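**Q** The structure follows.
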Amino acid sequence: MAKVKSNAEIDLEIQKLKTQKVENHLRDEANKIKAIKCPNCGKKLGLKPKSFMKKDGKAITVECECETLVYVLVDYRDSPETENARIVVKSKGHAWETQRPATWKDKHALKWYNLQVEAIKEDKCTLPEETQKLIRAFDAALKQTATPTITESRKPEG
Ligand SMILES: [Zn+2]
Numbered sequence: 002m003a004k005v006k007s008n009a010e011i012d013l014e015i016q017k018l019k020t021q022k023v024e025n026h027l028r029d030e031a032n033k034i035k036a037i038k039c040p041n042c043g044k045k046l047g048l049k050p051k052s053f054m055k056k057d058g059k060a061i062t063v064e065c066e067c068e069t070l071v072y073v074l075v076d077y078r079d080s081p082e083t084e085n086a087r088i089v090v091k092s093k094g095h096a097w098e099t100q101r102p103a104t105w106k107d108k109h110a111l112k113w114y115n116l117q118v119e120a121i122k123e124d125k126c127t128l129p130e131e132t133q134k135l136i137r138a139f140d141a142a143l144k145q146t147a148t149p150t151i152t153e154s155r156k157p158e159g
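Under our numbering, residue 159 is the last one in the sequence shown; the count climbs by one each step, no gaps.
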């Protein structure tokens, strides 16, 4: 004969199932965030779900390995326990297109750029002449904008 469950037992099971449902939902949400990819190269951005999974979510701009800056918005109107995130992913272009080299987060690109500047100075650059011209012009423009900061820090005291 099947055991008849008491109301208390049923309530406990309902509670357990509800908890399980929330856990499943949170896992799905975390997986959605983990699966966010770079719109340029299709690589996963390796985002940590925890920092996004809160009321109001979070918006960041990260740099992908392909040097594309990617804007990511994960938006929760309410608690992630009950909501599905609205996720917006937008390419903001390459760091070298949209930012001054001094503010690049990508050290590889900056290192490459500096190496080319040095190579041009020493007449050892193997890049096409047109590209070298561009780097020279760029470098000159950067020096002009960088100067005020340097002179400022060298200002004598008093
Ligand atoms: Zn990418």
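Quick reminder that beta carbons are idealized off the backbone N, C-alpha and C, glycines included.
All values reported here derive from a predicted model rather than from experimental measurement.
1. For a test of the three-state rule: what should DSSP assign to I15, helix, strand or coil?
2. With DSSP run on the structure shown, which of helix, strand or coil describes E64?
3. Kindly confirm or deny that the stretch 65 to 76 and the stretch 87 to 97 touch, where touching means at least three C-beta pairs closer than 8 Å.
4. So, is K144 buried or exposed, given that buried needs 16 or more other C-beta atoms within 10 angstroms?
5. Let me know if A86 comes out buried or exposed under the rule of 16 or more other beta-carbons within 10 Å of its beta-carbon.
6. DSSP on S92, reduced to helix/strand/coil?
7. Quick one, which of K51, N41, G58 and K17 has its alpha-carbon nearest A96's?
8. At a cut-off of 6 Å, is T69 close to ligand 1 when judged by its beta-carbon and the heavy atoms of the ligand?
9. Which residues in the same chain have their Cβ closer than 7 Å to the Cβ of R117, if we skip the five residues on either side of it in sequence?
10. In this structure, does DSSP put D76 in helix, strand or coil?
11. Using the beta-carbon count (16 or more within 10 Å), is I15 buried or exposed?
12. Can you tell which of G43, D12 and E82 has the C-alpha that lies nearest to the C-alpha of V23?
13. Does any heavy atom of ligand 1 sit closer than 6 Å to the C-beta of K91?
14. For V75, does the count of other Cβ atoms within 10 angstroms reach 16, so buried, or fall short, so exposed?
15. Using only alpha-carbon positions, find the residue among E64, E123 and E84 that is nearest to N25.
16. Can you give me the start and stop residues for the alpha helix (DSSP H) that P50 sits inside?
**A** For this structure:
1. helix
2. strand
3. yes
4. exposed
5. buried
6. strand
7. N41
8. yes
9. According to the sequence displayed, residue 117 carries Gln and not Arg. Closer than 7 Å at the Cβ level, and outside the excluded window around Q117, lie C126, L128 and I136.
10. strand
11. exposed
12. E82
13. no
14. buried
15. E84
16. P50 to F53
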